[in-house]
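Chains as they are written, first to last, in my numbering: chain B, 585 to 816; chain A, 16 to 280.
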Amino acid sequence: MSEHTVSAYDQELTEMAGKVAEMGGLAEKAFADAVSALISQDIELANATVAQDARLDQIYQDVEVKLIELIARRQPMGQDLREITAATRIANDLERVGDLAKNVAKRVIAIDSDLQSKKLAIGVEHMTELALSQLKQVLDAYARKDAEVARHVQEADAEIDALYTSIFRELLTYMMEDPRVITQCVHLLFCAKNIERIGDHATNIAENVFYMVTGDRLPEDRKKFDETMAEH
Amino acid sequence: MNEMPNIEQATSMTQSKISASKVQVYYGDNQAIKDVDIEIQPRTVTAFIGPSGCGKSTFLRTLNRMNDTIDVCRVEGSIKIDGENIYDPKVDPVQLRAKVGMVFQKPNPFPKSIYDNIAYGPKIHGLSRSKSELDDIVASSLQKAGLWEEVKNRLDEPGTGMSGGQQQRLCIARAIAVSPEVILMDEPCSALDPIATAKVEELIDELRENYTIVIVTHSMQQAARVSQRTAFFHLGVLVEEGKTQDIFTNPQDKRTQDYITGRFG
């Protein structure tokens, strides 16, 4: 797209997208670190991850102020309006991803013992890989304004939901077999749920990227694979 | 995506208040408007936007034959209001302009009293049979224009002594007084401060219930605030016309996009 007549406006938009991308990088790292601390029971890494979240919150607040200022000063229209709205929502999703990662890290500290089952760790790791790849792809799609990748990310979320369902069932079996592992399993269950929700945030971001680029909404009728709800 | 507005237009064709097709306007050898087709819906505010010199005001003025007053100006094509061709030789332009009223950029009250400013139109068009009927028209026009409370005790004072915003609303009241069906507004707020602008915009929104309004504006925010449909003109061509919300959030044409986002070179 050609440049604005007022060149400062272009700079402000670029700066805004840069900040959101920076948030993306931090959220991605916090998530990866939290899960790796969980798998290896690395309390030090978990503590560092909890501490890092303040930085993400700080950028989020800066971005929010910048976005409100942009709207007030430039009265954005068309593509610019969609970019600014999308950035607001995406920043919000990334801040939540940071919170969920922090919550996983806190649970690592709370569990403070080796994981009961290697198989379970593999399940959580696999789920994390999927969610991380979704997050990476959608942040790329945001940076490159790629609607097709965004659509693909939205569709792929079903896989994470399916994995979450299987981990949920597995944890349930462990808890029935041996009540002494209930505390650990509940923490793990929350961790898995957090990861699943990070996947949902990646989907939200995908929908916003799609809207930002095309001006249309992605259809929301994708299949729900999280079957745990029916069992409660 | 581009097909959508056309289907919408086609289905509502029968209800159009104004129907223009293949309109060309020339000033001497210079073509100012090229091949404009547009359907304007009744009881709707339609905004014309576009850069200076794009033809939006010229096109607006074809809708009540204001261009007739310019010797070198020539209009071709067809413009129908309620199915009637307004360029038919049998149409009396004075009658037409009573039906299609106009408000201009700069408030232009007559150098007469507030009362006479409103009463002048109904008098020459023979719309009242008695003084009391004329009084009623003056009062109701001022009420519809949201000006009554401010001026009811000084109707004999000169209209030119009012503030700019009041003068503009007086001009709107004057247009309403002859019971028009369509009101054309050519940048009605460009000489007004933000509060007076807000009052006129509020008025436009109220008038929409009874009148078809076409407004030319340089302020895109104003077009977004007051109109339901927006038409974008560029170099004498109607580039894109559609629901206001679509034009401002997701315009289909690159030229519209560049203009509304402030990217025009």
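We put the beta carbon where it would ideally sit given N, CA and C, even for glycine.
Proximity of Gln595/B to chain A, defined by a Cβ-Cβ separation below 7 Å, is not satisfied.
Under the Cβ criterion of 7 Å, Pro209/A is not counted among the residues facing chain B. It is roughly 15 Å from the alpha-carbon of Met117/A to the alpha-carbon of Leu218/A. The three-state secondary structure of Lys214/A, taken from DSSP, is helix. Against chain A, the beta carbon of Asp664/B has neighbours under 7 Å at Thr276, listed in chain order. For the stretch 248-266 of chain A, the residues whose beta carbon sits under 7 Å from a beta carbon of chain B are, in order, Phe263, Thr264, Asn265 and Pro266. Distance from the Cα of Ile706/B is smallest, within the candidate group Ile751/B, Gln642/B, Glu804/B and Arg673/B, for Ile751/B. Look at the stretch 28-77 of chain A and you find these whole runs of beta strand (DSSP E), each 3 residues long or longer: 33-42, 45-55 and 60-64. Within 10 angstroms of the beta-carbon of Pro203/A lie 16 or more other beta-carbons, which makes it buried. The closest CA to that of Gly179/A, considering only Gln158/A, Ile139/A and Lys214/A, is found on Lys214/A. Just measuring C-alpha positions, the residue of Val90/A, Val252/A and Gly257/A sitting nearest Pro66/A is Val252/A. Per DSSP, Glu256/A lies in no alpha helix (DSSP H) segment; the continuous beta strand (DSSP E) that holds it begins and ends at Val252 to Lys258.
Ranked by Cα distance from Trp163/A, the options Lys146/A, Arg144/A, Gly141/A and Ile187/A are led by Ile187/A. Counting only runs of 3 or more residues that sit fully inside the stretch 640-712 of chain B, no beta strand (DSSP E) segment turns up. The C-beta of Met760/B has fewer than 16 other C-beta atoms within 10 Å across all chains shown, which makes the residue exposed. No Cβ of chain B is located within less than 7 Å of the beta carbon of Gln237/A. Counting along the chain, Thr271/A sits inside the alpha helix (DSSP H) bounded by residues Lys269 to Ile275. Annotation: Cβ neighbours of Phe279/A in chain B (cutoff 8 Å, chain order): Thr589. Using a C-beta cut-off of 8 Å, the stretch 738-758 of chain B makes contact with the stretch 776-794 of chain B, since at least three inter-stretch Cβ pairs fall below that distance. Nearest Cα to Gly43/A within the set Asp83/A, Arg89/A, Glu256/A and Ile53/A: Arg89/A.
For Met81/A, there is no enclosing beta strand (DSSP E), as DSSP marks it with neither H nor E. At a cut-off of 7 Å between beta carbons, Gln659/B contacts chain A.
The contact set of Asp268/A on chain B, defined by CB atoms closer than 9 Å, is empty, because the minimum CB distance reaches about 11 Å. A Cβ of chain A is located within less than 7 Å of the beta carbon of Gly799/B. By alpha-carbon distance to Val619/B, the top candidate from Thr672/B, Met796/B and Ala776/B is Ala776/B. By a beta-carbon distance limit of 8 Å, Val229/A does not contact Leu207/A. Their separation comes to about 19 Å. Annotation: Cβ neighbours of Gln272/A in chain B (cutoff 7 Å, chain order): Gly662 and Gln663. According to the DSSP assignment, Lys95/A belongs to the beta strand (DSSP E) that extends over Cys88 to Ile96. Distance from the Cα of Asp86/A is smallest, within the candidate group Val115/A, Tyr41/A, Pro124/A and Gly98/A, for Tyr41/A.
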